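With positions in the sequence shown counted from 1, the corresponding number in this note's numbering is that position plus 23.
Cβ coordinates follow ideal geometry from the N, Cα and C atoms, glycine included.
Please read these numbers as outputs of a predicted model, since none were measured by experiment.
Below: the structure, in C-alpha cells.
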Amino acid sequence: MKWLVILGLVALSECIVKIPLTKIKTTQGAIREKQLLGKFLDEQSHSLSQNSDPDKKFSSHRLRNFQNIVYFGNITIGTPPQEFQVNFDTGSSDLWVPSVDCRSPSCSTHKRFNPQKSTTFQRLDQKIELIYGSGSMKGVLGRDTIQIGDLVITNQIFGLSQNQSSGVLEQVPYDGILGLAYPNLAVRGTTPVFDNLKNHKIISEPVFAFYLSSRPGNISTVMFGGVDHTYHKGKLQWVPVTQASFWQVAMSSMTINGKVVGCSHGCQAIVDTGTSLLVGPTHLVTDILKLINPKPMLDDQQVLPCDVVNSLPTLLLTINGIVYPVPPDYYVQRLTQEICFLSFQGGTETNHFGTSENWILGDVFLRLYFSVYDRGNNRIGLAPAA
C-alpha cells in the first residue's frame with residue numbers, strides 16, 4: 024500500500040536470505056528535488072554487488088542510500104535475467120513491473136520488462152488493474168522466473184504494466200512493487216511471491232523480516248526464511264494478526280503527554296513497509312498536528328521550523344500491552360536546513376478496513392522497530408532496531 028509515495032548472520036540450521044534495501048527520500052520535499060534525485064541515480068550503478076554463499080542460501084547486497092524514507096531492492100525476472108528495483112511492500116500482495124508496451128510518462132522513467140528477450144516467459148490471457156494511495160497501474164499478467172538474491176521461483180505470475188498514472192509513481196526511484204501481504208489481497212487466480220517461496224519450501228521458515236535503517240549507510244535489509252537477531256535489541260514482542268489480509272494488528276491507545284490522541288476505544292493498525300508516514304483518520308491527524316505544531320509555518324500545519332524539534336513531545340503507541348515510543352526526531356523529517364515536516368497524514372477513513380478507526384504504521388514507525396512477519400503463526404514480531 025502506498026501513501027504519499029509511496030517501501031545477517033546465518034545460523035547453521037537456518038537458511039536466511041537477506042536482500043539489501045536502498046533508502047530514498049520521497050516526501051513532498053524530495054518530489055520537488057527530482058533533479059537532485061536524478062543526479063544521484065546517474066552517479067550510482069544500478070548493478071548492486073552481491074556476496075553470497077550458495078550452500079547456506081545467504082545473499083547480501085551493497086545498499087545505495089539517498090537521504091530519507093523509501094526502501095527498495097533489486098530482483099531479476101526472466102531468462103536471461105532482467106534486473107528491476109522493487110518496493111518490498113507489506114501493504115499489498117502483487118508483483119508487477121513496467122512493460123516495454125507501456126507508453127505512460129511514469130513508465131518511460133523506469134526499466135521495462137521485455138517478454139521477447141526472455142526464453143521462459145509465458146503470456147497469460149488476463150488483465151490486471153491495481154490502485155495504490157500514490158497511483159495506479161493497468162496491464163496484463165505473465166509468468167516467468169523470478170530471482171531474489173539466491174532465491175529462485177519458476178513460473179511466478181506477475182503483472183506487466185501497460186499504463187501507469189503520473190505523479191508520484193513517475194518520480195519514485197524504484198520500477199515496480201513486490202507485495203508481501205496475504206494472498207487474499209492478490210489478483211484472483213495468482214499466488215504471491217512469498218507464498219510460492221513458502222509453499223515450495225524454497226525458504227526454511229515461513230517468515231520474513233525488515234530492518235529499515237534511519238542512519239546514513241548501506242545497511243537496510245529484508246530477509247527471507249529466518250531472522251538475523253543482530254538487527255534488533257532485546258527480545259521480539261509478538262503481536263497476533265487480527266485479520267489475515269493486511270498485516271493488521273490491534274492497537275489499544277495513542278497518547279501524547281498523557282493525552283489520548285487516537286484509539287480511545289481501541290483500533291486497528293496495518294504495519295506497512297510501503298507507506299512512508301503515520302496515516303490515520305483525517306480528523307484525528309488534524310488534532311495531532313495542532314497539538315504538536317500550534318504555530319505552523321507557510322500556512323501548513325505539517326510544516327515547522329527545525330529548531331523546535333527537540334522540544335516536541337514523544338508519541339506513544341500501545342500494541343498488545345507494550346508501549347512503543349515514537350520520538351520527534353523520527354516523526355519529523357527535514358525538508359531544508361530550516362524547514363521540517365511532520366510525518367502524519369489523514370485519509371484512512373476512505374478505505375474499507377472493516378473497523379471504525381484505522382491507522383497505518385509506515386516507515387516512520389518501522390525505522391524505529393525491527394519487524395518480523397511470521398506467516399506460520401500469523402503474527403508480527405517487533406523489537407527496537409539495533
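Residue span of the beta strand (DSSP E) that contains residue i, given as start and end
| i | result |
| --- | --- |
| Pro43 | 40-43 |
| Asn219 | No beta strand (DSSP E) contains Asn219, which is instead part of the alpha helix (DSSP H) from 216-222. |
| Glu159 | The question names Glu, yet the displayed sequence has Ser at residue 159. First-last of the beta strand (DSSP E) with Ser159: 158-171. |
| Pro121 | 118-121 |
| Pro328 | 326-328 |
| Thr177 | 174-187 |
| Ala406 | 402-407 |
| Val395 | 392-397 |
| Val284 | 282-285 |
Contact under 8 Å by Cβ, residue i with residue j
| i | j | result |
| --- | --- | --- |
| Ser243 | Ala204 | no |
| Val163 | Ile151 | yes |
| Leu312 | Gln324 | yes |
| Arg398 | Lys221 | yes |
| Thr298 | Asp386 | yes |
| Phe136 | Ile100 | yes |
| Val308 | Gly369 | yes |
| Gly381 | Thr373 | According to the sequence shown, residue 381 is Asn rather than Gly. Result no, Cβ atoms of Asn381 and Thr373 do not sit closer than 8 Å. |
| Ala408 | Phe393 | yes |
| Pro215 | Asp117 | yes |
| Tyr234 | Leu301 | no |
| Met274 | Ile383 | no |
| Val349 | Leu314 | no |
| Ile39 | Asp251 | yes |
| Phe95 | Thr45 | yes |
| Val326 | Phe367 | no |
| Gly199 | Ile226 | no |
| Ile403 | Val262 | yes |
| Pro351 | Leu340 | no |
| Cys329 | Ile279 | no |
| Ala232 | Tyr347 | no |
Range covered by the alpha helix (DSSP H) that runs through residue i
| i | result |
| --- | --- |
| Leu314 | 305-315 |
| Val387 | 386-389 |
| Pro351 | 351-354 |
| Ser129 | 128-131 |
Check: residue i C-beta below 7 Å from any heavy atom of the ligand SAM
| i | result |
| --- | --- |
| Trp119 | Ligands displayed in this structure: none; no statement on the ligand SAM is therefore possible. |
According to DSSP, residues forming a beta bridge with residue i
| i | result |
| --- | --- |
| Glu152 | Lys161 |
| Glu106 | Thr99 |
| Leu301 | Phe367, Leu384 |
| Cys290 | Met274 |
| Tyr94 | Lys46 |
| Asp112 | Gly202 |
| Tyr347 | Leu340 |
| Lys140 | DSSP output for Lys140 lists no bridge partner at all. |
| Asp323 | Met320 |
| Arg357 | Cys363 |
| Arg146 | Gly165 |
Any C-beta of chain C under 8 Å from that of residue i
| i | result |
| --- | --- |
| Pro317 | Absence of chain C from the displayed structure is noted, only one protein chain being present. |
ask   = Counting Cβ pairs, one atom from each stretch, are 3 or more of them under 8 Å apart for the stretch 117-130 and the stretch 179-189?
value = yes
message = Quick check for students: name the residue ranges of the beta strand (DSSP E) that lie wholly in the stretch 208-280, counting only runs of 3 or more.
response = 230-234, 244-247, 260-263, 270-279
key: the stretch 137-150 / the stretch 106-115 touching (three or more Cβ pairs under 8 Å)   = Not touching, per the Cβ criterion.
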